[in-house]
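Novice: Quick one: this structure, given as structure tokens, is what I'll be asking you about.
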Amino acid sequence: MNIFEQQAHNRRMTAGILALFVALFLFLGLGFDYFYGSFNPVAAPTFEYNDTGYYEARRAGAGSKIPFGTIISLLIGMGMAVNSLLNGPRMVLRSTMARRAVSASEKERQLLNIVAEMATASGLPAPTAYVVPDSDLNAFATGTNPSNSVIAVTEGLLEHLNREELQAVVAHEMSHIRNYDMRLMTVLAGLIGAVALLSDFAGRTFRYGGRRSGSFGGSSSSSGGSGRKGGGGAVVLVFFAIWVVLIILAPLLSRMLAMAISRQREFLADASAAELTRNPLGLVSALEKIRRAVMPTSAINNGVAHMCITDPRGSLIEEKLGFTADVLATHPPMEKRILALKVMAYQAGNPQSA
Amino acid sequence: MTVLAIVLLVLGGWVVFTFNGLVKLRNQVTNAFRQIDVQLKRRHDLIPNLVESVKGEMKFEKETLERVIQARAAAVSAGQGGNTGDILAKEGMLTQALGRLIAISENYPNLKANESVKKLMEELTHTENQISFARQFYNDVVTKFNTDQQVFPTNMFAAMLGFAPAALWELPADSPERENPKVNLTV
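These protein sequence lines map, in sequence, to chains A and B.
Per our numbering, residue 3 is the first one in the first sequence, and the count goes up by one each step.
Per our numbering, residue 24 is the first one in the second sequence, and the count goes up by one each step.
This is the structure in structure tokens:
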């Protein structure tokens, strides 16, 4: 696959996983409201005489059309995520003790120049360049939109990478900004939060008496309630069983889906970086250097792992190609990233190194 | 009647949507072209300083330095002339002359150790990169602009709405930039 095909493929994968995530959330949320709330959009209405002598459809006790649990958990989850989006960049920079790159230092001047070059290549306003005082090799981007974004690299990275490799790393971070990954990951964090809330609601409801009589008081006495049960008690039971299993696994599942998206975005950022510099091999050699420095980046918090060039934990999880890496890592294995980049370089026809 | 109204509304909406999209791209093309100009200007400003600071060390490379100065003068006057083909040719020659200068300067350890020359070399590399990335971005935007005009069914309307394909920034077939810079290492 060439650069553009890889980008298209990654975008499709992201959309697919995101759809799966939303489906999971809706299943859990609407299930919660169906089993524990009074949400039942398909309940048959009852027909009664009204005062003026007409039949009138009534949904007396058959359930509300509004899934309160789903909406409330989504609102709270999104609220927390938006809060982190608005305050995130500042908090991240403070927590990493990052400082502005200054043009007095030779290496930092180069970094400033490279950031300006990548801004030109992507047609975006230049992000502010920061330096993180840490000797490990890592870099991250943050910011809510391209005009207030930040690219930070560690001192170790400035020290060990040559101009070309530094350019590739900055291009990778620029691509995170250009692809709005910060926003995507915020939406994901919101969904994870909402799923966690739902799972918590449900857990408490299990513990404190299951189906509260209050929510069923109306429906059991009305024909609407029996209509719902008449819809197939066995089917409802099966759904309930699936739902219970899913809600128990929900925190793990939502995390796995988010990580899957994070890995796709890393691949996409690699491919976009190659598009910006037209030099996939520069990123290959940068990744190989970063890979050899396996110590953790202690200055960078795990919370921004998905915006880094490599997982700041420095755990060997990214070295593994097996099941764990395919399920729980924030970044794809280095082996796979390098391979994808080499394929791009080969596809580009002339594997130039300059 | 209602059906007809809806069809007309959808069609009109589509035309407006397409038109606005193309206008946006056309402005981006203009802006991207200006960005190349900005970078070329930067390069012209940088060269006198560079030549001044390396000329002491590189007195045996008089010819190379002179070629850079001449190429710069030619590029500046081409820029004032405003003929795109001429600008392309002259800037191409300047790029080649500078590439040769950078390559030769690698032979002078004193130059490489000199702080101010190092700074200038970084600035020069930066400017050269800026120029090529600005061109790359320009070509990307132009490609998108042209593709959007040429796809069906926009191709039937684009010319009617007053859009014309923009030209890619490419080197003339006989451009000196197409040749690899030859460096003679026997000093």
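We treat Cβ as the ideally placed atom computed from N, Cα and C, and that holds for glycine.
As the structure is a prediction and not an experimental result, all values here were calculated from the model.
1. Could you tell me whether the stretch 31–46 of chain B touches the stretch 127–145 of chain B, using the rule of 3 or more Cβ pairs below 8 Å?
2. Going by alpha carbons, who is nearest to H333(A) out of L200(A), S264(A), E277(A)?
3. Rounded to a whole number of angstroms, what is the C-alpha to C-alpha distance between P282(A) and A347(A)?
4. For the pair the stretch 150–168 of chain B and the stretch 186–193 of chain B, tell me if three or more CB-CB distances fall below 8 Å.
5. Select from the stretch 120–137 of chain A all residues with a C-beta closer than 8 Å to any C-beta belonging to chain B, and list them in chain order.
6. Are the C-beta atoms of A136(B) and some chain A residue less than 7 Å apart?
7. Straight-line CA distance for L56(A) to I68(A)?
8. Can you give me the C-alpha to C-alpha distance between A10(A) and R90(B), rounded to a whole angstrom?
9. In its own chain, which residues sit with a C-beta less than 7 Å from the C-beta of V152(A), not counting the 5 before and 5 after it?
10. For R90(B), name the three-state secondary structure that DSSP assigns.
11. When the cut-off is 7 Å and only beta carbons count, does N181(A) lie next to chain B?
12. Could you check what DSSP says for V174(B) in three-state terms: helix, strand or coil?
13. What separation, rounded to the nearest whole angstrom, lies between the Cα atoms of H67(B) and E290(A)?
14. Restricting to Cα atoms, I'd like to know which of M82(A), Y38(A), L88(A) is closest to F70(A).
15. Under three-state DSSP, which class holds V26(B)?
16. Specify whether the stretch 265–274 of chain A and the stretch 10–26 of chain A touch according to this definition: at least 3 beta carbon pairs, one from each stretch, less than 8 Å apart.
17. Would L48(B) and F168(B) qualify as a contact pair, given that the criterion is a beta-carbon distance under 7 Å?
18. Given a cut-off of 7 Å, decide if A198(A) and I249(A) are closer than it, judged by their beta-carbon atoms.
19. With DSSP run on the structure shown, which of helix, strand or coil describes I311(A)?
20. Grouping DSSP H, G and I as helix and E and B as strand, with all else coil, what is R206(A)?
21. Would you list, in chain order, the members of the stretch 145–158 of chain B that have their beta-carbon closer than 8 Å to a beta-carbon of chain A?
22. Tell me the DSSP secondary structure of A97(B) in three-state form.
23. Give a yes or no on whether 7 Å exceeds the smallest Cβ distance from F168(B) to chain A.
24. In chain B, which residues lie with their C-beta within 8 Å of the C-beta of R111(A)?
25. Taking only runs of the alpha helix (DSSP H) that begin and end inside the stretch 82–159 of chain A, which ones reach a length of at least 4 residues, in chain order?
26. Residues of chain B with CB under 8 Å from R280(A), in chain order?
27. Answer with buried or exposed for I244(A), where buried requires no fewer than 16 other C-beta atoms within 10 angstroms of its C-beta.
28. DSSP three-state call for Y51(A): helix, strand or coil?
29. Which value, in whole angstroms, describes the spacing of the CA atoms of V286(A) and I29(B)?
30. Output yes if chain B places a C-beta closer than 7 Å to the C-beta of N115(A); else output no.
Specialist: Taking the structure as given:
1. no
2. S264(A)
3. 6 Å
4. With the cut-off at 8 Å, the stretch 150–168 of chain B and the stretch 186–193 of chain B touch.
5. Taken in chain order, the members of the stretch 120–137 of chain A whose beta-carbon sits within less than 8 Å of a beta-carbon on chain B are M120, T122, A123, S124, G125.
6. Judged by the 7 Å Cβ criterion, A136(B) is not in contact with chain A.
7. Going by the sequence as given, residue 56(A) is Tyr instead of Leu. Each residue's Cα considered, the two are about 27 Å apart.
8. Spanning the two alpha carbons is a distance of roughly 46 Å.
9. Its chain contains P91, L95, P129, T130, Y132, A143, T144, G145 as the residues whose beta carbon lies nearer than 7 Å to that of V152(A), once the 5 sequence neighbours on both sides are disregarded; these appear in chain order.
10. helix
11. Output row for N181(A): interface = no.
12. DSSP, read as helix, strand or coil, puts V174(B) in coil.
13. 37 Å
14. Taking only the C-alpha atoms, the option nearest F70(A) is Y38(A).
15. The three-state reading of DSSP puts V26(B) in helix, counting H, G and I together.
16. yes
17. yes
18. no
19. coil
20. helix
21. E145, E146, T148, H149, N152, Q153, F156, A157
22. Of the three classes helix, strand and coil, the one that applies to A97(B) here is helix, per DSSP.
23. So, not an interface residue.
24. K142, E145
25. 108–124
26. Q159
27. By the beta-carbon neighbour count (other beta carbons within 10 angstroms, threshold 16), I244(A) is exposed.
28. strand
29. A direct Cα-to-Cα measurement between V286(A) and I29(B) gives close to 54 Å.
30. Yes - at least one Cβ of chain B is within 7 Å of the one on N115(A).
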